[in-house]
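Trainee:
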Amino acid sequence: MAKVFSSHGAKTTILSTTPANALRFRSSICDDQSLNRSITIRVLNLPNDAVLPDSSMSTTPPWTPPSSENLQAFPHPKPTRLHCHPRLPLMGCGCHRRANE
Numbered sequence: 001m002a003k004v005f006s007s008h009g010a011k012t013t014i015l016s017t018t019p020a021n022a023l024r025f026r027s028s029i030c031d032d033q034s035l036n037r038s039i040t041i042r043v044l045n046l047p048n049d050a051v052l053p054d055s056s057m058s059t060t061p062p063w064t065p066p067s068s069e070n071l072q073a074f075p076h077p078k079p080t081r082l083h084c085h086p087r088l089p090l091m092g093c094g095c096h097r098r099a100n101e
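Just so it is clear: in the sequence shown, position 8 is 8 by full-length UniProt numbering, and no numbers are missing.
(1) CB-CB under 6 Å to T12, same chain, minus the five flanking residues each way: which ones, in chain order?
(2) What would DSSP say about S16, mapped onto helix, strand or coil?
(3) So which of S16, H8, A10, G9 has the shortest CA-CA distance to L44?
(4) Comparing the C-beta of S6 with each C-beta of chain D, is any distance below 9 Å?
(5) Can you look up R37 in the DSSP assignment and give me helix, strand or coil?
(6) Taking all protein chains shown into account, decide if N36 is buried (16 or more other Cβ within 10 angstroms of its Cβ) or exposed.
(7) Following the continuous alpha helix (DSSP H) through A2, name the residue where it begins and the one where it ends.
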C-alpha cells in the first residue's frame, strides 16, 4: 500500500516493530527511493519489557482449531418449545436471549 500511495505523490512511512522486519522491505524501498518516491521505513523503539520475536511471525507454528472431541464436551442446547429449533445463548452483546424454561 505504501508503494501505491507514494507512486501517487503521497509521503509514506512503513512502521516496523523489529529490525528484522524492516530488513524485509529495505531493498524494495530503495528501488522506490531511486525513482524519487517519498517512502521511508521507521523501526518502533518499544520498551524492553515488551516481548516481541526478533524474527518473522511466519516461523510460528500454524493455529489449529480444537478437535471435535473437545467440542463434544459442551452440552447440546435444548430446543425451543414452538419450533424445536435449538436456541443458542449468546455470551455478550446480541439480539437473542436464553429461552425461559
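Using N, Cα and C, we set each Cβ at its ideal position, and we do this for glycine too.
Mentor: From the atom records:
(1) By one-based count along the sequence shown, residue 12 stands at place 12. Same-chain partners within the cutoff: A2, F5, S6, I39.
(2) Taking the sequence shown and counting its residues from 1, the one referred to as residue 16 is at position 16. Note: S16 maps to strand in three-state DSSP.
(3) Indexing the sequence shown from 1 puts residue 44 at position 44. Comparing Cα positions, the closest option is S16.
(4) This model lacks chain D altogether, as it is built from one protein chain only.
(5) Translated into positions along the sequence shown, residue 37 becomes position 37. DSSP places R37 in coil when its eight states are reduced to three.
(6) The residue labelled residue 36 in the question sits at position 36 within the sequence shown. That one is exposed.
(7) Taking the sequence shown and counting its residues from 1, one reaches residue 2 at position 2. Here the alpha helix (DSSP H) through A2 covers 2 to 7.
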